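Novice:
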Amino acid sequence: MFAIGYFVEILILMQNRTYAGIRFYVSAYAVDTNIAKQTSVLFMLICIIGNFINVLMEEGLFRGLFPRMLNSRRFWNVTSICSLLFGVWHIVGPVRNYIDGQSSFQGMIANAVMLIVSSTLVGLKLAMITYMEGNLYMGMADHFVNNTIVNLFHIESTTGTDEMMFLRITVAQTMSFLIVLFIFLERKNHGKKGIINKTESRN
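Mapping to our numbering: the sequence shown position 147 is 143, numbers consecutive.
1) Would you give the residue range spanned by the beta strand (DSSP E) that Gly17 belongs to?
2) In the DSSP output, which residue or residues are listed as bridge partners for Glu152?
3) Quick one: what's Gln34 bridged to in DSSP?
4) If distances are taken between C-alpha atoms only, which option among Ile151, Leu181, Met161 comes closest to Gly16?
5) Apart from the five residues on each side of it in sequence, which residues of its chain come closer than 7 Å, Cβ to Cβ, to Ala(-1)?
6) Can you give me the Cβ contacts of Gln11 inside the same chain, cut-off strictly under 8 Å, excluding the 5 residues immediately before and after it?
7) Do you know how far the Cα of Arg13 is from the Cα of Arg69?
8) State yes or no: is the C-beta of Gln169 within less than 9 Å of the C-beta of Ser115?
9) Which value, in whole angstroms, describes the spacing of the CA atoms of Asn147 and Tyr21?
10) Rounded to the nearest angstrom, what separates Glu182 and His139 at their Cα positions?
11) Do you know how far the Cα of Trp85 is from the Cα of Ile105?
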């Protein structure tokens, strides 16, 4: 799905005649801004390990701890709350870009709304995967791959880097969400064995 997201962003940049290429590197951060584009193996490993820790934390909280704390058997109620919290959790990206002077206030608002919506959809998708599989592992794998792709593959233009990243993420995650939703509903309607039936049999 990210291939389509990247394609859409590249197509828009090419139409605006600002596309400069797609690059593979890790961004190194200072407190206030990006300071380097790292391509060494060490930084790649740090990125991968950091993504792994981040995924463990986020999946453990939003698909593990919080649903248990809400203590409800109504899947969509719990999932909607946890997914919205997961979406708001990601607002820091657009805010940071505004503080760094990389976007206007209006741009920050637009990107924040876009990222909250796309991250909420990601939360719903990961919750459905967890529900169908009966564990966190498949959702963790999906989450890890998504984060790693975004962290390593960057689109550059004549005016900056990853300026339309939030659009790219929204396109990719919306399509991914729709595919998982279709599979989820199909499995539920056809009574496939798994966590769905196990949960329903207890109600």
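Just so it is clear, CB atoms sit at the ideal spot from N, CA and C, and this is done for glycine as well. Predicted model only: the values in this text are computed from it and were never measured.
Specialist: So, from the data block:
1) Its beta strand (DSSP E) spans residues 15 to 20.
2) The partner list for Glu152 (beta bridge, DSSP) reads Gly17, Thr157.
3) Answer is Val22.
4) For the record, residue 16 in the displayed sequence is Ala; it is not Gly. It is Ile151.
5) Nothing meets the Cβ criterion.
6) Residues of the same chain with their beta carbon placed closer than 8 Å to that of Gln11 are lacking, with the five preceding and five following residues left out of the count.
7) Going from the Cα of Arg69 to the Cα of Arg13 covers about 52 Å.
8) Between Gln169 and Ser115, the gap from beta carbon to beta carbon is short of 9 Å.
9) Note on geometry: alpha-carbon atoms of Asn147 and Tyr21 lie some 8 Å from one another.
10) Each residue's Cα considered, the two are about 22 Å apart.
11) The straight-line gap from Cα to Cα measures roughly 15 Å.
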